[in-house]
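Colleague: These protein sequence lines map, in sequence, to chains A and B.
Counting in my numbering, the first sequence runs from 95 upward without gaps.
Counting in my numbering, the second sequence runs from 2 upward without gaps.
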Amino acid sequence: MPELNTSSLPDLIFTMLFFFMIVTSMREVTLKVEFKVPQGTELEKLEKKSLVSFIYVGRPTEELRKKMGSESRIQLNDKFADVSDVMDYVYQERANMSESDQPYMRVSLKIDQDTKMGIVTDIKQALRKAYALKINYSAQMRQ
Amino acid sequence: MARKKRSVPGINSSSTADIAFILLIFFLITTSMDTDRGLARQLPPPPQDQELEDIIVKERNVLAVRLNANNQLMCGSDYIDIKDLKAKAKEFIANPSNDPNLPEKHAKQIPFFGNVMITDKHVISVQNDRGTSYEAYFNVQNELIAAYNELRNELALSQFNKKYSECTEEEQEAIREYYPQKISEAEPKNYGGKR
Chain A
95 MPELNTSSLP
105 DLIFTMLFFF
115 MIVTSMREVT
125 LKVEFKVPQG
135 TELEKLEKKS
145 LVSFIYVGRP
155 TEELRKKMGS
165 ESRIQLNDKF
175 ADVSDVMDYV
185 YQERANMSES
195 DQPYMRVSLK
205 IDQDTKMGIV
215 TDIKQALRKA
225 YALKINYSAQ
235 MRQ
Chain B
2 MARKKRSVPG
12 INSSSTADIA
22 FILLIFFLIT
32 TSMDTDRGLA
42 RQLPPPPQDQ
52 ELEDIIVKER
62 NVLAVRLNAN
72 NQLMCGSDYI
82 DIKDLKAKAK
92 EFIANPSNDP
102 NLPEKHAKQI
112 PFFGNVMITD
122 KHVISVQNDR
132 GTSYEAYFNV
142 QNELIAAYNE
152 LRNELALSQF
162 NKKYSECTEE
172 EQEAIREYYP
182 QKISEAEPKN
192 YGGKR
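1. Rounded to whole angstroms, what is the Cα-Cα separation between B/T133 and B/E171?
2. Would you report the Cα separation of B/E92 and A/M162, rounded to the nearest angstrom?
3. To be precise: take each residue of the region 146-163 of chain B, compare its Cβ to all Cβ atoms of chain A, and keep it if any distance is under 7 angstroms. Which residues remain?
4. Quick one: what does DSSP say B/L64 is sitting in, helix, strand or coil?
5. Would you please verify whether the beta carbon of B/I176 is less than 8 angstroms from any beta carbon of chain A?
6. Per DSSP, which residues does A/E138 bridge with? Please list them.
7. Quick one: is the Cβ of B/R7 within less than 7 angstroms of any heavy atom of the ligand MN?
8. Relative to chain B, which residues along the region 191-213 of chain A have a C-beta separation below 9 angstroms, given in chain order?
9. Mind reading off the beta-carbon distance from B/E136 to A/D208? Whole number of angstroms is fine, and I expect it under 8 angstroms.
10. What does DSSP give as the partner residues of B/S134 in its beta bridges?
11. Report yes if the CB atom of B/L145 is closer than 8 angstroms to the CB atom of B/I125, and no otherwise.
12. Grab me the residues of B/K195's own chain with a C-beta within less than 8 angstroms of its C-beta, minus the 5 sequence neighbours each way, in chain order.
13. Note down, in chain order, every chain B residue with its Cβ under 9 angstroms from the Cβ of A/N230.
14. What does a CB cutoff of less than 7 angstroms around A/F148 pick up in its chain, not counting 5 residues either side in sequence?
15. Determine, for B/R61, whether the minimum Cβ-Cβ distance to residues of chain A falls below 8 angstroms.
16. Is it buried or exposed, A/A220, if we count other Cβ atoms within 10 angstroms and call 16 or more buried?
17. Return the CA-CA distance between B/L86 and B/C76, expressed in angstroms with no decimal places.
18. Quick one: Cα of B/G193 to Cα of B/S185, how far?
19. Could you please give the first and the last residue of the uninterrupted alpha helix (DSSP H) stretch that includes A/M115?
20. So that I know if they touch, is there some Cβ in chain A lying closer than 8 angstroms to that of B/D130?
21. Tell me A/R222's beta-bridge partners as DSSP assigns them.
22. Here's a check: name, in chain order, each residue in its chain whose Cβ is nearer than 7 angstroms to the Cβ of A/M211, leaving out the five neighbours to either side.
23. Please state the DSSP three-state secondary structure of A/V146.
24. At a Cβ threshold of 8 angstroms, is A/F174 touching chain B?
25. Whose Cβ in chain A lies nearer than 9 angstroms to the Cβ of B/Q142?
26. In this structure, how does DSSP classify B/I81 when only helix, strand and coil are distinguished?
27. Where does the unbroken beta strand (DSSP E) through B/V124 begin, and where does it stop?
28. If you check the beta carbons only, do A/P197 and B/T17 fall under 8 angstroms apart?
29. Give every residue of the same chain whose Cβ lies closer than 8 angstroms to the Cβ of A/M235, excluding the five residues on either side of it in the sequence, and list them in chain order.
30. Which same chain residues, not among the five before or five after A/K228, have their C-beta less than 6 angstroms away from its C-beta?
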C-alpha cells in the first residue's frame, strides 16, 4: 500500500488558520473607556455590523484616568468626545453609509452600568435631534 | 584547500502540521465569537416647536414608573421592587378583569382575532432622575419589554399554538396590534435628592 503523502498538510492547516484569522472580527477601535454593560433577558442580536454605529460611555481606563479624571466620558471612534459631538458623529456615520442603508441605521450604546442617567439622557436627546431613532442598549444575556 | 562537498540535510517538516494545528486551536479558542446583543428601542422623533405636545391622556390609562436618584422604583403611587414590576406591568397592559382603574378597552378589528377589546390607549411612562444609575434604568426597560414579550407569547400560544417568535409575519403583526408597545419616556427631572 502506498503511503499517504502528508507534505501538503501544513499548507492546508495554514489556509484554515488564515481563514479564521481573517473572518474573526477584531475590535476596530481602541477603547479608552472602561465599561461593563448591564445584564438583561429580553435581548436581540445586533445584525449587520455595517449598519451599526457605536457610542461608548464609561470611566476612562486606568492609564488615562490621571489625565482625564474618573468622571464618565463619551468615546466616539478613537477619541473622547462631548455630548455636542454626538450629532456630528451620527451625521458623519450616516454619510458613510450607502443611501439604501441609511434608514436602517442603528446606534448601539455601550454604556457602563454605573453611569448616571444624566449623560445618557443627553446622548439620547442628541440622537433624537439627529434622527437616529433606532438605538440598542448593549447588554449581556443574564444566565 | 579542497573542501568536501557537504550535503545539507533536509529539515524534517513532519511536525509543521502539528505546530499549525496548535496555532489554529489557539485562535479558535481566543477569538470571541460572541455576537453583540442588546435591548432594541425606538426613540421618538424630536419635538416640533410649532405643535405642542398636549395630548390629554386619562389617568387610568397611564402607568407612571419613576426612578429617583437613589435608584428607588416607584410604580403608580407606591414603592415596589424591580422583581414585581413585570407582573404589575402585565396586569396594567392586559387589564384582564376590566378593572375601572386600569386602562380602558376599545373594540378593534384585528386579523386572526376578529373584533376584540384591547387596551390600545394605555401608556407606560418612565421617568428618571439625572442621578439614576444606568443599570437601574436598564433593568426597568428590560422588565417592561419582558412584560410585553410575555403577553405576546401567551397570546400567540393560545391563538396559534406556537411561540411568538415562530409565528409568521402577518400573525406577529396581528399580535403586535393586540398588544402595542407603548413606553414613553418623559424628560428627566431632578427630584429625589441631590444630583
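Using N, Cα and C, we set each Cβ at its ideal position, and we do this for glycine too.
Modeller: Considering the structure as presented:
1. 39 angstroms
2. 47 angstroms
3. I146, A147 and N150
4. strand
5. no
6. B/G39
7. In the structure on display, the ligand MN does not appear, and there are no ligands present to speak of.
8. R200, S202, L203, K204, I205, D206, Q207, D208, T209, K210, M211, G212 and I213
9. 7 angstroms
10. A/K210
11. yes
12. For B/K195, the predicted structure reports a pLDDT of 43, less than 50, and the residue's modelled location is therefore unreliable. A value from the coordinates is still provided. Counting only Cβ-Cβ distances below 8 angstroms, and skipping sequence neighbours, we find A70 and G132.
13. D37, R38, G39, L40, A41 and R42
14. S202 and K204
15. no
16. buried
17. 8 angstroms
18. Per-residue confidence for B/G193 stands at a pLDDT of 48, beneath the threshold of 50, marking its modelled position as unreliable; the derived number appears in the next sentence. Looking at the two C-alpha atoms, the distance is approximately 20 angstroms.
19. L103 to V117
20. yes
21. Paired residues: none, contrary to the question.
22. none
23. strand
24. no
25. G134, E136 and Y231
26. coil
27. V124 to N129
28. no
29. Q133, G134, T135 and L137
30. R200
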